[in-house]
Amino acid sequence: INKAYASRKQMAKEVQLAVEMFNKKPKKGIAHLIDKGLVKETPEAVAAFLWAHNENLSKTQIGEYIGGEDEWPISIMHSFVDQMNFAGMD
Numbered sequence: 008i009n010k011a012y013a014s015r016k017q018m019a020k021e022v023q024l025a026v027e028m029f030n031k032k033p034k035k036g037i038a039h040l041i042d043k044g045l046v047k048e049t050p051e052a053v054a055a056f057l058w059a060h061n062e063n064l065s066k067t068q069i070g071e072y073i074g075g076e077d078e079w080p081i082s083i084m085h086s087f088v089d090q091m092n093f094a095g096m097d
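Residue numbers (my numbering): 8 to 97.
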């Protein structure tokens, strides 16, 4: 149990560090998550992270990150929007 706890605690520290990095330099924060194996290098996984941690992430930085013109941020944006629930908004 100690190893599992230590592992979860270390993972939480890495996620917190990535959030702080993202809020300053989004690309570095995401790269950190991928390098540490906390997020797969797929648009869906990155979007899931952004969605799951959006309360702690800078909304401006999220917009800057997924608002790029390259294929990678656009695919993340599509995955991010796919996670939103628009039911009952008419």
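Each residue gets a CB set at the ideal place from its N, CA and C atoms; glycine is no exception.
- Item | Rounded C-alpha distance that separates Lys10 from Lys20 | The straight-line gap from Cα to Cα measures roughly 15 Å.
**Asked** Do the CB positions of Leu57 and Val26 come within less than 8 Å of each other?
**Response** For Leu57 and Val26, no; Cβs fall outside 8 Å.
Is Glu48 helix, strand or coil when you go by DSSP? The answer is coil: DSSP assigns Glu48 none of H, G, I, E or B.
Exercise. Applying the criterion that 16 or more other CB atoms from any shown protein chain within 10 Å of the CB defines a buried residue, is Val46 buried or exposed?
Worked result: Under this definition Val46 is a buried residue.
Inset, instruction - Taking all protein chains shown into account, decide if Met84 is buried (16 or more other Cβ within 10 angstroms of its Cβ) or exposed. - result: Burial call: buried.
Same chain, Cβ closer than 6 Å to Pro50, five either side skipped, listed in chain order = Here the set comprises Ser82, Ile83 and Ser86.
For Ala54, which residues of its own chain have a beta-carbon under 7 Å away from its beta-carbon, when the five flanking residues on both sides are left out? Counting only Cβ-Cβ distances below 7 Å, and skipping sequence neighbours, we find Ile83, Ser86, Phe87 and Gln90.
**Study point:** Per-residue burial, Gly36 [other beta carbons within 10 Å of its own, 16 or more giving buried]
**Key:** Per the 10 Å Cβ criterion, buried.
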